[in-house]
Structures are given as C-alpha cells and as structure tokens.
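*Asks:* I am attaching a structure below and will ask some questions about it afterwards.
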Amino acid sequence: MNDVLAMGGYGAYVWTSFGLTLGVLIICMVQGRRRHARVASDVKIRIRAMEAE
Amino acid sequence: MWKWFHKLASPPHFYALSAKMIPWFFVPGIVLIAYGSWTGLFVAPADYQQGDAFRIIYVHVPAAYLSMMAYMIMAISAGIGLIWRIKLSHAVAAAAAPLGAWFTFLALMTGSIWGRPMWGTWWEWGDPRLTSELIMLFLYFGYMALRAAIDDTGKADKASAVLALVGAVNIPIIHFSVEWWSSLHQGATIVREGGPAMPPEMLIPLLANIFGFTLVFGALLLGRVRTEVLFRERRKRWVRDVVLPAGAEA
C-alpha cells in the first residue's frame, strides 16, 4: 500500500497533480451551479417585481 | 437539416433539450475518468525513463488538450456570432471562457509539477510551449475582463469576439511550438508519425481520460450556456414560464 502511494518517490508530484485536477473539476461544477441559481433567482425577482406593478 | 439546426439554436428549445443532455455527457464522462485514472495510476506499467512520474500525463494531457479546445470553441462561436448573428453562439463563447481558463490553469499547474522532477525546474521563462500556454491564460482573462467591463450584452459580445478571434493566432503557436522551436517540453505522444509512442496498457487509460474529460467538459459547458441563455432571454415570455411554472402567482 505504501509502495503504491510512494509512486517510486514521485508520490508528492503525482498525487498533487491528481488532487488539483479533482479540485478544479469540483470548482467548475460548484461555480456553474451557483451562477445558474443566482441568475435564475435574479430573473425571478425581476419578473415578480414587474408583474406586481 | 437547416430546420433542425434552427430549432436547436432557438433559445427555449436549447434550454429544455440541454437539461436532458447534460447527464448523458456527465455520467459516462465520470465513469471513463474513474476507469482511466485508476488504470493509469495502478495498472499501467511505470515509464522506463520517467518512472511513476509519467502518470501525471493522465491529467495533464486532457487538461492541456481541453484548454485549447475551449479556446477554439470560444473563438469559432464568437466568429459565427459576429458573422451570422446567431444569439446562441455568443452565449456559447461567453460560457466557454471561464472553463477554458480553469483548464489552462490546470494544464500549467500539472505541467509545472511534472517539470520539477523531470526537467529540474518548475518553470522556464522563454520556453515556447510554456509561455504560449501562459499567454492563453491571459487571453482568457482579457476576454472575461472585457466582457465584464461592458454592460450592454450585445456590445460585449462584439468586442470580446474580436479579441477571441485575434487571440486565436496563439492556438497553432501552442500546438506547433515543440516542433518549431527547441523546448523542454516533449513532443507529441499519441498523434505522431509512426503511431503512438506508448504501449496499449499506457495508451488506453490516457484515451479513456481524454474522452472522459471531454464529456465532462461538454456537460459543464452546456450548463454554463444554459445560464447565459437564461440571462440573455430574461425579458422573454418563455423564461417567465420556466422560472415561474404554471399556476405560480406573480
């Protein structure tokens, strides 16, 4: 197990690269979802305000 | 064909269809990435020169490939938007930029981490491949900053499209940099004369990850285009029906 994690002495480089990649994928997903939710709620508020007039 | 295309490019139709399409990109993409990363990390043999450090290829190459693919999608969509004034294509261009910037960042970071043990340096100023990729990151930043600085969406579309198209000259420079100039960066591995420079047990996980990341990128892009479409069409009747479903009082 430790041998696998050590990656022949390159463990720190290999695992950091894979960790960063996972991190960027998660950020892209969360950022996209948040932005969509924000735009949808802004649009909703605007439409409600207009129709209430 | 044209009828189908026009229907697809109509915002309400795209908005509904894309919601159904996203899982079909995302789920197989994640499965392929899981398979490719697992076999790349634990099953593929170590490289005879680079040892286990070569395994960084399984995230670096998909990231670098998509960083350029995103730019091409952005520039071509922006160009189509300028010429044919298809609204959806400007939305695609605007949606591709932040994703492209993230994948460029990832390609630069994983490349730097790979370069440290292999070349003995995190970064080499003046190296053509490294520098042209960094320039692309700044092009993405410039594109997004320009869009953010212009309130009028139509004007932002036009101005940023010109920037995207001018910056596209950098794409062949990145691609051919390792052939045109001497670079620390290694040459092409997969698409090269004489076939791939890898045995199948190394190559298959790489292809799985390239394809998997492309599918996930597709899902992310579709999601962002939907957000753009919703914002751009906010004054339209169909958006009202989407955000305030039937029966909901105002």
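Residue numbers (the numbering used here), protein chains in the order written: chain V, 1 to 53; chain F, 1001 to 1250.
Ideal Cβ positions, reconstructed from N, Cα and C, are used throughout, including at glycine.
1. When you compare the CB of Gly32 of chain V with every CB in chain F, is at least one pair closer than 7 angstroms?
2. Can you tell me the Cβ-Cβ gap for Pro1205 of chain F and Ala1044 of chain F, rounded? I've got them flagged as a contact below 8 angstroms.
3. Is any heavy atom of the ligand FAD found at a distance shorter than 6 angstroms from the C-beta of Asp1241 of chain F?
4. Along the region 18 to 32 of chain V, what residues have a CB closer than 8 angstroms to any CB found in chain F?
5. Evaluate contact between the region 1192 to 1210 of chain F and the region 1041 to 1060 of chain F, counting only Cβ atoms and requiring at least three cross-stretch pairs below 8 angstroms.
6. Between Arg1217 of chain F and the rest of its own chain, which residues show a CB-CB distance below 6 angstroms, the 5 nearest in sequence each way excluded?
7. Where does Ala1250 of chain F fall in DSSP's three states?
8. By DSSP, does Gly1142 of chain F sit in helix, in strand, or in coil?
9. Name, please, each residue of chain V whose Cβ falls closer than 7 angstroms to the Cβ of Asp1052 of chain F.
10. What is the residue span of the alpha helix (DSSP H) that Thr1121 of chain F lies within?
11. Whose CA, out of F:Pro1011, F:Val1178, F:Ala1149, F:Trp1114, lies closest to the CA of Asp1052 of chain F?
12. List, in chain order, every chain V residue whose beta-carbon is nearer than 8 angstroms to that of Val1216 of chain F.
13. Identify whether Gly1195 of chain F lies in helix, strand or coil by the three-state DSSP scheme.
14. Which residues, in chain order, does the region 1208 to 1237 of chain F contribute to contact with chain V at a C-beta distance below 8 angstroms?
15. Terminal residues of the continuous alpha helix (DSSP H) containing Pro1023 of chain F?
16. Whole angstroms is fine: what's the gap from Asp1127 of chain F's alpha carbon to Thr21 of chain V's?
17. Between which two residues does the alpha helix (DSSP H) harbouring Phe1042 of chain F extend?
18. Does Ile45 of chain V have its Cβ less than 7 angstroms from a Cβ in chain F?
19. Counting only the same chain and skipping the five closest in sequence on each side, list residues whose C-beta sits under 8 angstroms from that of Lys1158 of chain F.
20. Does the distance from the CB of Leu1088 of chain F to the CB of Ala1009 of chain F come in under 7 angstroms?
21. Go through its chain and collect everything with a Cβ distance to Arg1224 of chain F's Cβ below 6 angstroms, but skip five positions before and after it.
22. Taking Cβ-Cβ distances below 8 angstroms as the criterion, which residues of the region 1092 to 1124 of chain F are in contact with chain V?
23. Where does Gly1187 of chain F sit, in a helix, a strand or coil, going by DSSP?
24. State the Cα-Cα distance for the pair Pro1172 of chain F and Arg48 of chain V, rounded to the nearest angstrom.
25. Which first and last residues belong to the alpha helix (DSSP H) in which Lys1155 of chain F is found?
*Replies:* According to the structure data:
1. Taking the first residue of the first sequence as position 1, residue 32 of chain V is located at position 32. Closer than 7 angstroms to some Cβ of chain F, the Cβ of Gly32 of chain V qualifies, so yes.
2. Within the second sequence, numbered from 1, the residue matching residue 1205 of chain F stands at position 205. Within the second sequence, numbered from 1, the residue matching residue 1044 of chain F stands at position 44. Indeed, because the Cβ distance is near 6 angstroms, the residues count as touching under 8 angstroms.
3. By its list of ligands, the structure shown contains no ligand whatsoever, and the ligand FAD lies outside what it can speak to.
4. Phe18, Leu20, Thr21, Val24, Leu25, Ile27, Cys28, Met29, Gln31, Gly32
5. yes
6. As a position in the second sequence, residue 1217 of chain F is number 217, starting the count at 1. The sequence shown places Phe at residue 1217 of chain F, not Arg. If we look at Phe1217 of chain F and ignore the five residues flanking it on each side, its Cβ neighbours are Leu1066.
7. The residue you call residue 1250 of chain F lines up with position 250 of the second sequence. Only weak support is given to the placement of Ala1250 of chain F: the predicted model assigns it a pLDDT of 48, under 50, and the question is left unresolved by the model.
8. On the second sequence, residue 1142 of chain F is found 142 positions in, with the first residue counted as 1. Three-state DSSP puts Gly1142 of chain F in a helix.
9. Along the second sequence, read from residue 1 onward, the residue named residue 1052 of chain F stands at position 52. Those are Met7, Gly8, Tyr10, Val14, listed as they occur along chain V.
10. Here residue 1121 of chain F corresponds to residue number 121 of the second sequence, with the count starting at 1. From DSSP, Thr1121 of chain F is part of no alpha helix (DSSP H); its letter is neither H nor E.
11. As a first step, residue 1052 of chain F is located in the second sequence; it is residue number 52 there, counting from the start. Ranking F:Pro1011, F:Val1178, F:Ala1149, F:Trp1114 by Cα distance to Asp1052 of chain F puts F:Trp1114 first.
12. Here the question's residue 1216 of chain F lines up with position 216 in the second sequence. What Val1216 of chain F touches in chain V: Leu25.
13. Residue mapping note: residue 1195 of chain F aligns to position 195 of the second sequence, counting from 1. Reduced to three states, the DSSP call for Gly1195 of chain F is coil.
14. Val1216, Leu1220, Gly1223, Arg1224, Arg1226, Thr1227, Leu1230, Phe1231, Arg1234
15. Working through the second sequence from its first residue, we reach residue 1023 of chain F at position 23. Looking at the DSSP string, the run of the alpha helix (DSSP H) that includes Pro1023 of chain F is 1011 to 1038.
16. The residue labelled residue 1127 of chain F in the question sits at position 127 within the second sequence. The residue labelled residue 21 of chain V in the question sits at position 21 within the first sequence. One C-alpha to the other measures close to 24 angstroms.
17. One-based indexing of the second sequence puts residue 1042 of chain F at position 42. Counting along the chain, Phe1042 of chain F falls outside any alpha helix (DSSP H), and DSSP gives it neither H nor E.
18. Within the first sequence, the letter at position 45 stands for residue 45 of chain V. No, no contact with chain F.
19. Looking up residue 1158 of chain F in the second sequence gives position 158. Once the five neighbours on either side are set aside, the close Cβ partners of Lys1158 of chain F are Leu1082.
20. Indexing the second sequence from 1 puts residue 1088 of chain F at position 88. Indexing the second sequence from 1 puts residue 1009 of chain F at position 9. Yes, Cβ-Cβ distance for Leu1088 of chain F and Ala1009 of chain F is below 7 angstroms.
21. In the second sequence, residue 1224 of chain F corresponds to position 224, counting from 1. Excluding residues within five positions, the ones whose Cβ falls inside 6 angstroms are Ala1095.
22. Pro1098, Leu1099, Trp1102, Phe1103, Phe1105, Leu1106, Met1109, Thr1110, Ile1113, Trp1114, Arg1116, Pro1117
23. For the purposes of this step, residue 1187 of chain F is identified with residue 187 of the second sequence, where counting begins at 1. Note: Gly1187 of chain F maps to coil in three-state DSSP.
24. Reading the second sequence from its first residue, position 172 is the one you call residue 1172 of chain F. Reading the first sequence from its first residue, position 48 is the one you call residue 48 of chain V. Straight-line Cα distance between these residues: approximately 49 angstroms.
25. As a position in the second sequence, residue 1155 of chain F is number 155, starting the count at 1. Residues 1153 to 1167.
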